[in-house]
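Under the UniProt record's numbering, the sequence shown has 64 at position 64, and the numbering climbs by one with no breaks. Glycine included, C-beta positions come from ideal geometry on N, C-alpha and C. Each remark here refers to the structure printed beneath this line.
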Amino acid sequence: MPGMRFGVYVPSYGPYGDPRVLRDLAIAAENAGWHGFFVYDVISPLDDEPPPVADPWVVLSAIAQVTTTIALGPMVVPLPRRRLWKLALEIGTLQQLSGGRLILGVGAGGTGGLHELRRVRRPARIAAGRGRWIAATALVRRGGGARQ
1 MPGMRFGVYV PSYGPYGDPR VLRDLAIAAE NAGWHGFFVY DVISPLDDEP
51 PPVADPWVVL SAIAQVTTTI ALGPMVVPLP RRRLWKLALE IGTLQQLSGG
101 RLILGVGAGG TGGLHELRRV RRPARIAAGR GRWIAATALV RRGGGARQ
């Protein structure tokens, strides 16, 4: 069993809303020996920080291209705010770009997440979402294997 691992997580808004800053921080984290680099998956700043807000999937794709060993991913993907077919494509693509270094966390999201879940719960959407989620996991497996 491997020893303890350490990662860095950085908000993707305010002073860190510039994708170039996040890319450079990820490079520095990898060079300093950190094991993981994670960014927030948010639509707007979580506190009083002003915009900009960087898209986590675009940022993580850029990071995957300039690093080789550090694990990467979003902190938690709020599923109620995502279209699962699009998320599946993003996950599979990032897994391929990173050579299997993606670590994916999913959840309901922050405030309002449960309300959003209730609003989208329709039998047809649930069935479609389940099928798309199965497809997403298949894409991740094909894109470089599971990260341990």
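Check, Outcome
"Secondary structure of glycine 145, DSSP reduced to three states", "Its pLDDT being 47, under 50, glycine 145 is placed unreliably in this model, and the value from its coordinates should be taken loosely. Glycine 145 falls in the coil class under three-state DSSP."
"Nearest neighbour of valine 8, chosen from Gly100, Leu94 and Glu30 [CA to CA]", "Glu30"
"Contact under 8 Å by Cβ, proline 56 with serine 98", "no"
"Isoleucine 70 burial status per 10 Å Cβ neighbour count (16 or more: buried)", "buried"
"C-alpha gap between proline 15 and valine 59, whole angstroms", "14 Å"
"Alanine 26 versus Val42, Gln65 and Gln95, residue with shortest Cα-Cα distance", "Gln65"
"Beta-bridge partners of glycine 107, as assigned by DSSP", "Pro78"
"Phenylalanine 6 - partner residues in DSSP beta bridges", "None, per the DSSP bridge assignment."
"Beta-bridge pairing of tyrosine 16 - partner residues as DSSP gives them", "Its beta-bridge partners do not exist; DSSP assigns none."
"Cα-Cα separation between threonine 68 and arginine 101, rounded to whole angstroms", "9 Å"
"CA nearest to the CA of glycine 33, picked from Phe6, Leu84 and Gly107", "Phe6"
"For glycine 99, the three-state DSSP class (helix, strand or coil)", "coil"
"CA-to-CA distance, isoleucine 103 to proline 78, given in whole angstroms", "15 Å"
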